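**Student:** Here you go, one structure.
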Amino acid sequence: MLLSLARARGGNVVILTAFCALPVITAMGAAIDISRVRGAQTSLQSISDAAALAAAKSGNLSVAAAESSSGRTSDAQAAASSAAQSFISGNYLTSGLISSPDLSISTTVSAANVVTVTITLTYNQSLLFGSIFGISSTPVTVTSTATVALGSSYYQVVFLIDVSNSMGIGGTSTAIAALQSNKQIQCAFACHDPNSYSSVTTNCVASSGGGNRHHGGSSNSASVCDKRAIAKAAGISLKIDYVSQAVEDFITQLDEYTGNDTTHFTVAIDTFGTNFTQALAPTTNLSSALTAAENIDIETVLPWATYNYGYTYTQKALSSALSSITNVGDGSSPTKMRTFLVFLSDGAEDLPGPYVDYGRSLDVAYSSQCDALKNSGINIFSIWAHYYPIPTDSQYSTLVAPISANLGPTMQACASSPDQYFEASDGPAIQSAVSSSFVAIAAAVGLHLSK
Numbered sequence: 253m254l255l256s257l258a259r260a261r262g263g264n265v266v267i268l269t270a271f272c273a274l275p276v277i278t279a280m281g282a283a284i285d286i287s288r289v290r291g292a293q294t295s296l297q298s299i300s301d302a303a304a305l306a307a308a309k310s311g312n313l314s315v316a317a318a319e320s321s322s323g324r325t326s327d328a329q330a331a332a333s334s335a336a337q338s339f340i341s342g343n344y345l346t347s348g349l350i351s352s353p354d355l356s357i358s359t360t361v362s363a364a365n366v367v368t369v370t371i372t373l374t375y376n377q378s379l380l381f382g383s384i385f386g387i388s389s390t391p392v393t394v395t396s397t398a399t400v401a402l403g404s405s406y407y408q409v410v411f412l413i414d415v416s417n418s419m420g421i422g423g424t425s426t427a428i429a430a431l432q433s434n435k436q437i438q439c440a441f442a443c444h445d446p447n448s449y450s451s452v453t454t455n456c457v458a459s460s461g462g463g464n465r466h467h468g469g470s471s472n473s474a475s476v477c478d479k480r481a482i483a484k485a486a487g488i489s490l491k492i493d494y495v496s497q498a499v500e501d502f503i504t505q506l507d508e509y510t511g512n513d514t515t516h517f518t519v520a521i522d523t524f525g526t527n528f529t530q531a532l533a534p535t536t537n538l539s540s541a542l543t544a545a546e547n548i549d550i551e552t553v554l555p556w557a558t559y560n561y562g563y564t565y566t567q568k569a570l571s572s573a574l575s576s577i578t579n580v581g582d583g584s585s586p587t588k589m590r591t592f593l594v595f596l597s598d599g600a601e602d603l604p605g606p607y608v609d610y611g612r613s614l615d616v617a618y619s620s621q622c623d624a625l626k627n628s629g630i631n632i633f634s635i636w637a638h639y640y641p642i643p644t645d646s647q648y649s650t651l652v653a654p655i656s657a658n659l660g661p662t663m664q665a666c667a668s669s670p671d672q673y674f675e676a677s678d679g680p681a682i683q684s685a686v687s688s689s690f691v692a693i694a695a696a697v698g699l700h701l702s703k
């Protein structure tokens with residue numbers, strides 16, 4: 253009997269399995285706890301980074317509002333501490349933490365009004381399996397530093413944006429191909445009204461012959477439509493879409509750097525094509541500026557006989573900008589502001605020419621207007637958003653190709669310095685150029701933000 257029990261192996265297997273399972277379960281439990289700790293650390297770091305930035309902005313705003321150096325540092329420290337605590341209290345739950353982390357904050361203000369905030373957050377993360385070994389939680393600690401320096405200069409940024417028909421070209425080679433293949437568009441050049449269908453711009457009008465009419469009464473297989481709207485509905489991004497987003501990003505960055513300070517800067521947006529339009533008068537309201545940037549779009553084509561033919565009066569636009577920009581100076585006061593003009597265009601001036609092809613002629617005869625702006629003390633950033641070569645499009649071949657070699661050099665000559673000229677070959681490059689302009693302007697006025 254005893255010998256039989258000794259020879260039986262079923263019970264041994266059960267015991268061995270239990271012993272083997274224990275370290276596996278322990279390892280799994282440890283892995284779960286480690287994952288929870290890492291998740292808490294990631295959430296805590298995000299809160300810490302954002303809180304440090306909010307604190308630095310608040311401290312910087314306090315410094316900017318100070319009328320004297322007396323109490324400047326203590327006021328900034330109080331403002332920073334309050335902002336950090338407020339941010340943490342309002343965001344720790346949505347970040348997945350179950351209790352508010354402990355805060356340690358250090359705020360310094362340099363003689364150059366640079367506000368630096370260092371935050372350390374500590375959070376006790378509970379452990380699911382650690383309690384087996386008598387460890388119910390473990391501390392997680394992160395540190396973040398943010399610096400904001402508002403330069404003493406007063407400055408203004410003015411965008412001068414080309415919104416003419418040619419900004420209706422696809423923003424990438426893929427977008428151009430999509431425009432050409434779309435049955436309602438079938439073009440890649442100035443595609444909201446590429447063939448001067450001036451009688452109708454917002455609706456398709458079928459002719460009695462089953463085709464579509466333009467103002468001359470003939471039919472064409474392509475739809476007589478607002479082709480810009482068709483492109484938008486089809487999800488095809490034009491150059492102007494990238495321009496709009498780039499200006500939005502610029503303003504968003506400016507908001508990040510300035511916080512609620514409205515004492516040192518203004519921003520304005522002008523557009524041009526057939527007409528020069530002040531889309532946004534100089535303002536410190538960045539919410540309004542962001543809305544204006546979102547609304548940047550190619551110029552509306554008007555019905556016959558008020559049809560504007562989508563001209564680009566570049567000389568007139570630059571002269572109008574010079575007349576409308578005021579308070580230019582060395583940055584020493586609100587009436588003497590350092591002034592930056594971000595000039596973005598495809599580089600081609602497009603004027604009426606009734607005896608040439610397509611009723612227009614192109615040139616690059618606006619250098620003197622750029623010189624006048626620079627001579628007045630305005631610092632120009634010039635962004636050439638040039639065309640993709642489209643040899644299959646007759647308008648491109650007839651109008652743009654003959655002057656294409658002169659477009660870049662003329663736009664480059666408009667810039668105040670070689671490093672303030674950017675050649676943007678497609679939509680993403682436009683965004684990069686505008687972003688680079690922001691970085692340069694921020695550095696020029698002593699506006700710095702680091703995390």
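Here the sequence shown is numbered in this note's numbering, starting from 253 and rising by one per residue.
We put the beta carbon where it would ideally sit given N, CA and C, even for glycine.
Bear in mind the structure is a predicted one, so any value in this text is a computation, not a measurement.
#1: Can you look up Y639 in the DSSP assignment and give me helix, strand or coil?
#2: Just to confirm my understanding: we take T360, look at its own chain, exclude 5 residues before and 5 after, and list those with CB closer than 7 angstroms. What are they?
#3: So, are the CB atoms of I548 and V495 less than 8 angstroms apart?
#4: Can you confirm whether the stretch 297-315 touches the stretch 329-339 when touching is taken to mean that 3 or more C-beta pairs between the two stretches lie within less than 8 angstroms?
#5: Which residue spans inside the stretch 378-434 form an unbroken beta strand (DSSP E) run of at least 3?
#6: Can you give the Cα-Cα distance for V499 and L355, rounded to whole angstroms?
#7: For the candidate residues L379, T393 and V394, whose alpha-carbon lies nearest to that of I387?
#8: In chain order, which continuous runs of the beta strand (DSSP E) of length 3 or greater are located wholly inside the stretch 618-670?
#9: Please return the same chain residues whose Cβ sits closer than 8 angstroms to the Cβ of I655, not counting the five positions on each side in sequence.
#10: Under DSSP, the alpha helix (DSSP H) around I503 begins and ends at which residues?
#11: Using only the alpha-carbon positions, how far apart do D493 and G423 sit?
#12: Going by the DSSP bridge assignment, what does N376 pair with across the sheet?
#13: So the candidates are Q647, D671 and H638; which of them puts its Cα closest to the Cα of N658?
#14: For a test of the three-state rule: what should DSSP assign to V616, helix, strand or coil?
#15: Alpha carbons only, please: which of S677, A336, L596 and Y509 is nearest the one belonging to S352?
#16: Look up L345 in the DSSP assignment and say whether it is helix, strand or coil.
#17: Quick check on the DSSP output: what are the complete alpha helix (DSSP H) runs of length 4 or more inside the stretch 562-611, in order along the chain?
#18: Apart from the five residues on each side of it in sequence, which residues of its chain come closer than 6 angstroms, Cβ to Cβ, to S358?
#19: Give the straight-line distance between the Cα atoms of Y648 and P641, rounded to the nearest whole angstrom.
#20: Does the beta-carbon distance from C622 to I635 come in below 8 angstroms?
#21: Give me the residue from T346, F524 and P680 with the minimum Cα distance to S572.
#22: Tell me whether the beta-carbon of L542 lies closer than 8 angstroms to the beta-carbon of I413.
#23: Can you grab the Cα-Cα spacing for the pair V652 / S418, in whole Å?
#24: For T523, which of helix, strand or coil comes out of DSSP?
#25: What does Q530 pair with, by DSSP beta-bridge criteria?
#26: Please determine if the stretch 528-544 and the stretch 501-510 are in contact, where contact requires at least 3 C-beta pairs separated by less than 8 angstroms.
#27: Starting from A710, follow the beta strand (DSSP E) in both directions and report where the run begins and ends.
#28: Rounding to the nearest angstrom, what Cα-Cα distance links V706 and Q297 in this structure?
#29: Whose C-alpha, out of V415, G583 and R288, is nearest the C-alpha of I521?
#30: So T543 is in the alpha helix (DSSP H); what residue range does that whole segment cover?
#31: Going by DSSP in three states, S687 sits in which element: helix, strand or coil?
#32: Please say whether F690 and F502 have beta carbons closer to each other than 8 angstroms?
#33: Give me the Cα-Cα distance between P211 and T662, rounded to the nearest whole angstrom.
#34: Return the CA-CA distance between S459 and R480, expressed in angstroms with no decimal places.
#35: Assuming I357 is part of the beta strand (DSSP E), what are its boundary residues?
#36: Quick one: grab the DSSP three-state call for S473.
**Tutor:** Once the coordinates are examined:
#1: DSSP places Y639 in the coil class of the three-state scheme, outside both helix and strand.
#2: T368
#3: yes
#4: In short, these stretches touch, since the Cβ pair count reaches three.
#5: 389-401 and 407-414
#6: Cα to Cα, the separation comes out at about 37 angstroms.
#7: L379
#8: 630-637
#9: A600, L614, D615 and V616
#10: K491 to T510
#11: Cα to Cα, D493 sits roughly 8 angstroms from G423.
#12: P391
#13: H638
#14: coil
#15: If we check each option's Cα against that of S352, A336 comes out closest.
#16: coil
#17: 566-576
#18: T370
#19: 8 angstroms
#20: Taking 8 angstroms as the Cβ cut-off, C622 and I635 do not qualify as a contacting pair.
#21: Considering only alpha carbons, the answer is F524.
#22: no
#23: 10 angstroms
#24: In the structure shown, T523 adopts extended strand secondary structure according to DSSP, grouped into three states.
#25: D522
#26: yes
#27: Residue 710 lies beyond the residue range present for the chain, which begins at 253 and ends at 703; the question has no answer from this structure.
#28: In the structure as shown, the chain begins at 253 and stops at 703. Residue 706 is therefore absent and cannot be evaluated.
#29: V415
#30: L538 to E546
#31: Assignment of S687 by DSSP, reduced to helix, strand and coil, places it in the helix class.
#32: yes
#33: For the chain, the structure presents residues 253 to 703; residue 211 sits outside this window and is missing.
#34: The pLDDT assigned to S459 is 32, lower than 50, so where the model puts this residue is not dependable; a value taken from the coordinates is nonetheless given after this. Whole-angstrom Cα-Cα distance: 22 angstroms.
#35: D354 to V361
#36: Its pLDDT being 39, under 50, S473 is placed unreliably by the model, and nothing is read from it.
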